[in-house]
Structures are given as structure tokens and as C-alpha cells.
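Participant: I'd like to ask some things about the structure below.
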Amino acid sequence: MASSTALPLEREPAALAMRIGIVAAEAALATFARNLDLDDLADGEIDFRGAIGPAEWPVFSLVIDTLAESAPGDGRSLDERRAEALNDLARICMAARTGAAA
């Protein structure tokens, strides 16, 4: 199915995929903000599965576990990687908002 007209840049598949990713990241961050306490995070282990509702779990876990994936030689625990993933998630969302405002 060929088309003689090019898609606008914001409708290109890569741009759409990036927007879907940002939406998922923002949804995961909002889920975290609604359901988890920062004091609990500072105290150590958090039961993410127990704190996040079943309807929000699939997107939240996909985003957090993707960001928390361990690299070869990474000696951090899953909880340490997830804490760093939450920081990464916040930075992603802030950068997306800054980029959208520019």
C-alpha cells in the first residue's frame, strides 16, 4: 500500500512510539505518586505489587521493570535498581514536559 504523500513528522511510527512511551511513563509516575509513600521508599523495601492496584499494575510494572533491568556485572539488588528506576522515571517525565513546552 504505497502513498505519494509523506506522513507529518509527528505521525511517523517512531514519533508515535515515543509518545506512547512517554504516556506510559507518565501513567507509571502518576500511579507511583497516588499509591506509594516516599517515606516507605526511604525505609527500604517496598511491596510494589501490594501497593499498586491490579488495573494499574501492568503499565507500572512494565515501565519500572524495564528501567530497572540489570546489566551484566550490576551487583545492585532489585530494590536498589527499582529505586533508581523511579528516579529515571521522574527525569523522563520532567524532560518530556520541558520538551513539550519548548
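Position one of the sequence shown corresponds to residue -11 (my numbering), numbered consecutively onward. The beta carbon of each residue, even a glycine, is placed where N, CA and C say it ideally should be.
1) What residue range is occupied by the uninterrupted alpha helix (DSSP H) comprising leucine -3?
2) Grouping DSSP H, G and I as helix and E and B as strand, with all else coil, what is glycine 9?
3) Using 10 angstroms around the beta-carbon of proline 86, count the other beta-carbons present and answer buried if the total reaches 16, otherwise exposed.
4) Kindly indicate which residue of Leu55, Ala16, Asp62, Met6 has the alpha-carbon position closest to the one of proline 42.
5) Across the stretch 50 to 57 and the stretch 68 to 81, are there enough close Cβ pairs to call them in contact, namely three or more that are closer than 8 Å?
6) Would you mind reading off the limits of the alpha helix (DSSP H) that contains leucine 55?
7) Apply the 10 Å Cβ neighbour rule to isoleucine 8 and answer buried if 16 or more other Cβ atoms are within range, or exposed otherwise.
8) Mind checking whether alanine 84 and isoleucine 10 have CB atoms under 8 Å apart?
Facilitator: Taking the definition as stated:
1) Premise fails: leucine -3 is in no alpha helix (DSSP H) and is neither H nor E.
2) helix
3) First, the residue type needs correcting, since residue 86 is threonine and not proline in the sequence shown. Counting Cβ neighbours within 10 Å, threonine 86 comes out exposed, since fewer than 16 surround it.
4) Ala16
5) yes
6) 45 to 55
7) In summary, isoleucine 8 is exposed, with fewer than 16 beta-carbon neighbours lying within 10 Å of its beta-carbon over all protein chains present.
8) yes
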